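Using the working numbering, the first residue of the sequence shown is number 98, and each one after it goes up by one.
Don't be surprised by glycine CBs; every beta carbon is placed ideally from N, CA and C.
All values derive from a computational prediction rather than experimental measurement.
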Amino acid sequence: MFVLSKLMSAITQPMFWLALWWALALLMLQRWRRLAAVMLWSGLVVLGLLGFEAGPHALLRHLENRYPVPTAEAVGRHVGVIVLGGATEHSDIYQAHGQVPLGQAAERMSVPVGLMRQHPNLQLVFSGGEGRLLATGVSEAELAKAFYQQQGVDMSRVVLEGGSRTTRENAIQVAALLGERCKQPWLLVTSAWHMPRSVPEFEAVGCQVTPYPVDFRTGAATAWTEYSLARSLLLWQTALHEWLGLWVYGVTR
């Protein structure tokens, strides 16, 4: 599943398919010059259209709006927070500068800190291992430990799981770590667009989780005038990766 997840990351990048399209056009250039020219120009047109953010936002919005954010009162009825990795950047930055680099999904790490301060009864379980194909030897759990220490979190309330590399492995490893305690009410913190894939995985291993979505990428609506090619390509990849992941979950369960 880990290798499959990395393959999904590649094939859900729009630029991957456009690069293949242009490579095919170049191979055809000598024998079918006119067709090759049409393919090259059509690829450029598609690339330009991909920059409109309303498209990927529509796909992500369907994922993000599935679960509401629990109220403060509801949060207090839980024993702890299960936090999924995916918020940190390359570990070599931490090794060089001593600061934990957070990426776009930073709320996965920061929001639980606030929840623990507001609710002193909450424990925290962080799940995240080495997510690269070529391991660096530093897991996300190690970066999470450094981050929470830097934020002044009481580490006696924190449990770290650093062996999982995929969402399914997150659920399996956390269930094994908590044992019967997994049947108690836990908050599950991950990106809102990742939640529809995460909740079923934890329920499948017998954990009782309440979604606490963070890291929203969309609002109520997106104007068609919103345009950024660089940002939109990342949004397309995120949306396509999650929808494909949901399909894979459905056929492998």
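For residue i, list the residues DSSP reports as bridge partners.
i, result
"Q220", "G177"
"F149", "Y324"
"S288", "V311"
"V256", "V222"
"P282", "Q305"
"T168", "T168 is not bridged to any residue."
"T185", "L199"
Skipping 5 residues on each side, what residues in its chain have a beta carbon closer than 6 angstroms to that of residue i?
i, result
"V353", "Outside the shown range of the chain, which is 98 to 350, sits residue 353, and nothing can be said about it."
CB-CB under 8 angstroms to residue i, same chain, minus the five flanking residues each way: which ones, in chain order?
i, result
"W119", "M136, L137, G140"
"M105", "H338, L341, G342, V345"
"A203", "A184, D312"
"A107", "F113"
"L121", "M136"
"R128", "none"
"R278", "V176"
Leaving out five residues before and five after residue i in sequence, what residues of the same chain have Cβ atoms less than 7 angstroms from its Cβ?
i, result
"Y346", "R294, P297"
"L212", "V172, V178, L219"
"L132", "M125"
"Y191", "V197, P198, L240, A243"
"D251", "none"
According to the Cβ coordinates, are residue i and residue j closer than 8 angstroms?
i, j, result
"L157", "L332", "yes"
"E258", "A243", "no"
"G260", "G226", "yes"
"Q220", "G177", "yes"
"M112", "L330", "yes"
"E161", "R314", "yes"
"L274", "V348", "no"
"L181", "N267", "yes"
Just tell me which of the options has its CA closest to the CA of residue i.
i, options, result
"L147", "V172, T349, S325", "S325"
"R163", "H291, R254, N218", "H291"
"P165", "G195, S288, L341", "S288"
"Q196", "T185, E150, V348, R205", "T185"
"A317", "A133, H154, R131", "H154"
"L115", "M105, G145, F149", "G145"
"S207", "I108, Y309, Q281", "Y309"
"R205", "R214, A193, H216, G183", "G183"
"Q281", "H175, S224, A203, L117", "H175"
"T322", "Q127, R278, G152, H159", "G152"
"P217", "A203, S253, A193", "S253"
"S224", "A193, I269, V250, D251", "I269"
Which whole-angstrom value is the C-beta distance of residue i and residue j, which I expect to be below 8 angstroms?
i, j, result
"V311", "I179", "Between I179 and V311 the Cβ distance is about 13 angstroms, and since that is not below 8 angstroms, they are no contact."
"E150", "T319", "6 angstroms"
"Y351", "V255", "With the chain covering only 98 through 350, there is no way to say anything about residue 351."
"E210", "Q247", "Looking at the sequence provided, one finds Val at residue 210 rather than Glu. Actually they are not in contact, since the Cβ atoms of V210 and Q247 sit about 10 angstroms apart, beyond 8 angstroms."
"A169", "Q215", "7 angstroms"
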